[in-house]
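Inspection log for the structure reproduced underneath, given as structure tokens.
Protein chains: 4
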Amino acid sequence: MSRATASPQTARQVPPDILPQDDPYYLEESLFAVRDRTLSLVKGLSDADATVQSMTDASPAKWHLAHTTWFFETLILVPFLKGYRPFDDTYGYLFNSYYERIGDRHPRDRRGMLTRPSLDEIRAYRAHVDAALGKLFSTRLPNSETVDLIELGMHHEQQHQELLLTDLLHLFAQNPLSPVYRMIKPGHSHEPARTDQSAVVWHEYEGGLCEIGAASDGFTYDNERPRHSVHLAPFSLADRPVTGGDWIRFIEDGGYDNPLLWLADGWALVQQENWRHPIYWRQCEGVWKAMTLGGLLPVDRSAPVSHISYFEAAAYAQWAGARLPREAEWEMAAMRLSGNAVKTANFLESGTMRPDALRAAADRQHQGPRQMFGDVWEWTQSSYCAYPGFKPLQGAAEEYNGKFMCGQFVLKGGSCATPRSHIRASYRNFFYPHQRWQFSGLRLAKDL
Amino acid sequence: MSRATASPQTARQVPPDILPQDDPYYLEESLFAVRDRTLSLVKGLSDADATVQSMTDASPAKWHLAHTTWFFETLILVPFLKGYRPFDDTYGYLFNSYYERIGDRHPRDRRGMLTRPSLDEIRAYRAHVDAALGKLFSTRLPNSETVDLIELGMHHEQQHQELLLTDLLHLFAQNPLSPVYRMIKPGHSHEPARTDQSAVVWHEYEGGLCEIGAASDGFTYDNERPRHSVHLAPFSLADRPVTGGDWIRFIEDGGYDNPLLWLADGWALVQQENWRHPIYWRQCEGVWKAMTLGGLLPVDRSAPVSHISYFEAAAYAQWAGARLPREAEWEMAAMRLSGNAVKTANFLESGTMRPDALRAAADRQHQGPRQMFGDVWEWTQSSYCAYPGFKPLQGAAEEYNGKFMCGQFVLKGGSCATPRSHIRASYRNFFYPHQRWQFSGLRLAKDL
Amino acid sequence: MSRATASPQTARQVPPDILPQDDPYYLEESLFAVRDRTLSLVKGLSDADATVQSMTDASPAKWHLAHTTWFFETLILVPFLKGYRPFDDTYGYLFNSYYERIGDRHPRDRRGMLTRPSLDEIRAYRAHVDAALGKLFSTRLPNSETVDLIELGMHHEQQHQELLLTDLLHLFAQNPLSPVYRMIKPGHSHEPARTDQSAVVWHEYEGGLCEIGAASDGFTYDNERPRHSVHLAPFSLADRPVTGGDWIRFIEDGGYDNPLLWLADGWALVQQENWRHPIYWRQCEGVWKAMTLGGLLPVDRSAPVSHISYFEAAAYAQWAGARLPREAEWEMAAMRLSGNAVKTANFLESGTMRPDALRAAADRQHQGPRQMFGDVWEWTQSSYCAYPGFKPLQGAAEEYNGKFMCGQFVLKGGSCATPRSHIRASYRNFFYPHQRWQFSGLRLAKDL
Amino acid sequence: MSRATASPQTARQVPPDILPQDDPYYLEESLFAVRDRTLSLVKGLSDADATVQSMTDASPAKWHLAHTTWFFETLILVPFLKGYRPFDDTYGYLFNSYYERIGDRHPRDRRGMLTRPSLDEIRAYRAHVDAALGKLFSTRLPNSETVDLIELGMHHEQQHQELLLTDLLHLFAQNPLSPVYRMIKPGHSHEPARTDQSAVVWHEYEGGLCEIGAASDGFTYDNERPRHSVHLAPFSLADRPVTGGDWIRFIEDGGYDNPLLWLADGWALVQQENWRHPIYWRQCEGVWKAMTLGGLLPVDRSAPVSHISYFEAAAYAQWAGARLPREAEWEMAAMRLSGNAVKTANFLESGTMRPDALRAAADRQHQGPRQMFGDVWEWTQSSYCAYPGFKPLQGAAEEYNGKFMCGQFVLKGGSCATPRSHIRASYRNFFYPHQRWQFSGLRLAKDL
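Top line first, the protein sequences correspond to chains A, B, C and D.
If you're matching positions, the first sequence starts at 1 in the UniProt record's numbering and goes up one per residue.
If you're matching positions, the second sequence starts at 1 in the UniProt record's numbering and goes up one per residue.
If you're matching positions, the third sequence starts at 1 in the UniProt record's numbering and goes up one per residue.
If you're matching positions, the fourth sequence starts at 1 in the UniProt record's numbering and goes up one per residue.
Dropping the structure here:
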């Protein structure tokens, strides 16, 4: 595992797109860095690649490009830039996602029908809006309302950067040709993971009252607020995520055949959809392979398993005699990590486009859990709900988060497709328990 | 509202089916009282009434009679009563509900196909099993394992008593003839609810650390355990449930037309299913009527609204500028009520078969919230999940509760169809957010 | 096969319910014989048996009893019997099947929700209407319009007699207990069919112009009219239906695995529904059994195969190097048979409740094809369509036949569940190609 | 209507792509003319336009380009051109449509997932195969087997030319921007159709024995053969198709609201899908517009109505007191027309891309029905079935036609999207009664 030990600690030190808020160029530079990052992600995609919608949950790359642009145009340029003229009157209808307050919209499951406007037209739309945003900066000092909206807009766009990648991976996984989005370095499929790295070490936490949720400084979403007290019972947390190798053992032990491991709804789905392995895995002549952004590659036994549903995560935990962590447990443990944990994590900027193999740790007990940030989102057993005292954003963005607080579970820590400046310990991602197309994995926990 | 003030305080003093655990005849008498109660519920039903399944969520009355009997036969008689011979070898397959560990079973959505065995044969099955249970009591002293299973079996049967009624109501609601199950006294549809009773009074709670979950004495389910600490922010709770009159105002104010009030999944359902009112309501020549166990009756404006989904409850709370209570908030407030709150509540034993009108209270601030127990189950905003340290029952009943901890919300307090001895403050009922066929209502809460 | 040779020729001479039209008591006696026959079919059924609807295509026995009665009440008594008062004002809504012109109706797929009215109430409804019909006969001479409607009503009721049986069989087939409707004599499962009987002999027909459709005398449906010329190419017709033994050979030869045998829509269904055999067959420890009105019995290898879809019939014909007959071919061949062919056929009146084994024939070439009438309906390759010059009935019964002329195929000859007096060579039954719950089988044809 | 009288007689004299069979260059020239025509149809389409699949019934333009090429590669080049190497080993899987005998294939409903290979790669595939076909002509004299297959291949490709256009129209109709495929000349929406042209004149036919099906000379499909006798009753046929103006009258008279006009299955669909007009129509501020290959244009009241289902056609006929013609009636009437009827018809080569307005006729009684060929396919009331003596093609193309003979209805005459050399009186097109995305219309018939 020499690859892992040496380089990543430094290789990950790519500067994030969003600068610290106290940087004098914070807002403007961050904004355009984010905007440029999005464009860079579609390099090499054809108009067709950027147009097709592979399932209702996923959106075309072109749509992500346009929707994030529509967000700035609608919430900022139209109300705040004097004389601004929308690029195209029909785009408001085409690229509104779910904002009932703003107006009607093209149905979500029909986004892939829009072969027009073309990818080039959407690029022109972005340029038009970027130019207007530049003008906004040059002609007036942003007031607090526009600053908030611009910040929201750039974090919103970062969310769509990740979705663009996961949606594209889903699309390419439907193609028997297994197209390659980016060449990526091979993993560790053949060598068994080193013993000292793969045995789970448990970190113990004494519990008691602690605070979770967004601390006051820096941008956060409404759903992370307010910071509040929770009481935790003593628990322990695995020092590493569950790996591909672990998952193969789960499969080989009949994990997908034993109803007693599964939640009732999960077992119904396993039977109905005939789930036998993570969504992108397939067995080719006895070898487990997985569709990745680098095409069809052997499963990396040393790297966190990815693209699993909550149902699978919960069944695995049951099989392993453990459980999934609660959100507050995860967050409290993450808050205790050094700042280096985020800086050296495998995020979008690393360009790996896949979870890294487990990294060596000189002193596993002492350093705290590894790879909590980056690589894969970690399912928690906590339903996505409002914190006590939750207040939605006011105005057009009111619908941003609150109306989805039903039936979804929280995931923490970000993935190899998440921008580094997008993540913090209090960050709450959420998906339905059956969804599998994100870079979602798990880490075990136990009661003490 | 003279009806309410005088009688119910005493009328509800019907003895519960399950005696206190320290009663010398506790186990045996309670068991047969519960068994008899179940039979009494099908008096007057035809074989056909007891056979048809009106939707997958609901089961035929006959099936409830048989399944609760199968529970005793399979978990207690077969393993513990020497020489016991099952009534019919096919019943194990027909009447297992969802116990994967016990064996294969007739598909849930096909329960209504079983025109044979007849209702009379099921009655004979019950008699056979009851006789054997009597023999069990007479021939050996129950040990701790059988005591536990018998207790579980009778509480299990009480759950099915309520389901039998709600499933029957659903069936009868499909019939254009609106059949009457039991004659019930009319409500208060025409007189507007008295002002002093209907204005919401808010009870304030300071929050902080508190304990919830089952205290050690008496029967409780595994999902109520262990008792544990939670930290609550200050909050207030309405002193009464939302009523039919409130709901009419919600409808008239366009509650079912305004997407901004609804959770996203709820709004999708409102549109898809064209929800315009609670499931059993219909408007007949300008008058709101509701299908009840007493047939089609005018909506009682003074009584708690019933048969609403979580989605509707959450939308109503949003409309009212409030929110749903958290489970721990509800439970903490309920623990502070006097024991009379349960004793005088409108449960199954009252025979009303519908939620009572709001009862007068001499000193509303002082007495604590009214009608938290009985009448209607109250939706909380808490997802149904495992408590820290949760341990499922061991053995055949392992699957009783744990495998449903996904996607459902907790309801508290019991309803007019719940046996009184079945309920306590820590009791956790759970249903999916779209389900409406239970006696489910709501009470508002607010952050302080 | 001695059973077959001797008795049936006479055993089937049970008088039909409908007398010849020139019988002086024709109308009244026939009517009440038909009405009584229907009632006799529900003897031994419980209220529940008569109430449950096992699929949308099927209706409860109780509904058949009521709907046929509603037909007389609505089309004859209300308009023609002075002072007649409908039995119950709600029945018009409950028991209208599909007559848009007559009014709204209870949805077809909800017929099984009607646990009320009970079977006894429906019997009382029948008695009420029968009494009124008797009064109609006693108080006025029926005019031509009422004669036509009474005739239609009794033939309509005969159709429902067959449906009542096939719907009940479908219901009982859903029950793991395999209930017995009537004890029936065992078939010929173990002895291989005699060679001389089972080898197919082909009857040749020269083709040319011929006439099909209803000749002028006697009751016929509008869809059989007018008699008209068709031109047929030379063809041959098998002298016997395909048997259970034939079908086992088809299965064993991989008939359900070979897409090249199947129509495209049929193959899609085979895969989607995992069809492996006729709907009521199952393999029990190596023995093919079939659910019948006499419960689960070994498949009779010597009797016509039954309960197969058009798709299966067409695949079998392809496998056998033959084809299905056209309706005109079948009808022309049937017209050439002696009148004895109908009289000795295995219809409802025989009480066998299942297809008979192939009957011996002294001179197979000379006598014409065997068992064209009774036993099983025979699928033809002809779509159900209007004859040239087709005119629907006028008035309320206009919708009787015409609006179903799309997507269905014609079956000929009647079955063991069809009343004898209901059938003639020109009779056209019709079902969708995927439907399998009728007594439907096939006979092969070939081009010459 | 001067436009119609003068020009079309000559304008339509564009030479067809397929030459007469006795032309010395017939096979080779026709083949490459057809191949070039296909390519010309995708001029101006983007990669995305050519990739998206708008419903399961439709295929992407790119797929049509590739599948028709795969047909030549698989059936001709691989077996008959020595040393031929397939362009890409994966294409056999990707572009097989439904040939079970040839092998596995990409699921039909997933054709739109194939963003790779790109449109340019498919063009290269076509060039590769065209070059090899050229080589085949240059290196060996085609024998009778390859001649038959090449003929089949080019007629097969012509079918896909039409589908490419109708599928593209369906795709563009999903786009709120209503994209324009080709600029087309406006129709006659505002001027009422001239009286003398629009009143229906009925042509009478005496009926009797006649022959239909393919005569011996020239290419025909297996489903048109053999020519055979049918007997027809006397009938009359409208001299013109039903127009857009007629259809507006049908709508305004409540045609979509009256169940008595509809087949039962059609009425169920009308209610379920809320059909109110032909699929591509919409009402914009009181004006009926239709999505066409030229974008959203006013409905042409003088031109044949198009894009209607069989259900709608049958309901219209019922409303008009008429019926749809039988296939044999239509074909017999078409055979009596002069050869000019095909030559001057509005086919693909005309480039109009929409049905023409009714053309003037000097002597309507004398000339026979107008516009039977071209403009719109005309629904007949005949189910698509095998002719007596039907023999499927042998070999790989065996599955071409036979396995679809179930549940579909025959359409005759070709449309404005059909190549002229593809059509003849015996040609049988077939679609399901609910399908509406073809250029399908109707002409009325009556019994005499």
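For each residue, glycine too, the CB sits at the ideal point set by N, CA and C.
Buried or exposed for residue i, please, with buried defined as at least 16 other CB atoms from any protein chain shown within 10 angstroms of its CB.
i                  : result
Tyr-25 of chain A  : exposed
Leu-260 of chain A : exposed
Lys-62 of chain C  : buried
Arg-37 of chain A  : buried
8 Å is my cut-off, CB to CB: does residue i come that close to chain C?
i                  : result
Ser-2 of chain B   : Summary for Ser-2 of chain B: the model assigns pLDDT 32, below 50, so the residue's position carries little reliability; its value from the coordinates is reported in the next sentence. False, the Cβ-Cβ gap to chain C never drops below 8 Å.
Ala-215 of chain B : no
Leu-209 of chain D : yes
Val-42 of chain B  : no
Do the CB positions of residue i and residue j come within less than 8 Å of each other?
i                  : j                  : result
Phe-87 of chain A  : Gly-153 of chain A : no
Phe-235 of chain A : Gly-207 of chain A : yes
Leu-65 of chain D  : Ile-184 of chain D : no
Ala-442 of chain C : Val-242 of chain C : Per the sequence shown, residue 442 of chain C should be read as Leu rather than Ala. In this structure, Val-242 of chain C lies closer than 8 Å to Leu-442 of chain C by Cβ.
Phe-431 of chain D : Ser-415 of chain D : no
Gln-161 of chain C : Leu-348 of chain C : yes
His-106 of chain C : Pro-176 of chain B : yes
By the three-class DSSP mapping on this structure, what secondary structure does residue i have?
i                      : result
Lys-446 of chain A     : strand
Gly-321 of chain A     : coil
Ser-118 of chain A     : coil
Gln-161 of chain A     : helix
Phe-87 of chain A      : coil
Pro-259 of chain C     : helix
Met-55 of chain C      : coil
Phe-137 of chain D     : helix
residue 482 of chain D : There is no way to answer for residue 482 of chain D, as the model of chain D reaches only from 1 to 448.
Asn-96 of chain A      : coil
Kindly say whether residue i, judged by its beta-carbon, lies nearer than 8 Å to any beta-carbon of chain B.
i                  : result
Ser-229 of chain C : no
Thr-69 of chain C  : no
Of all the CB atoms in chain A, is at least one closer than 8 Å to the CB of residue i?
i                  : result
Asp-447 of chain B : yes
His-190 of chain B : Only weak support exists for where His-190 of chain B lies, its pLDDT of 49 falling under 50; the coordinates are left without a value.
Is the CB of residue i under 8 Å away from at least one CB in chain D?
i                  : result
Ser-383 of chain C : yes
Asp-104 of chain C : no
>> Give me the subset of the segment 387-406 of chain A whose CB atoms are less than 8 Å from a CB atom of chain B, sorted by chain position.
In response: Pro-388, Gly-389, Glu-398, Glu-399, Lys-403, Phe-404, Met-405, Cys-406
> Quick one, which residues of the segment 96-127 of chain B are near chain A if we go by CB-CB under 9 Å, in chain order?
Replying inline: Tyr-98, Glu-100, Arg-101
>> Short of 9 Å Cβ to Cβ, which residues in the segment 262-295 of chain D face chain C?
In response: Trp-262, Leu-263, Ala-264, Asp-265, Gly-266, Trp-267
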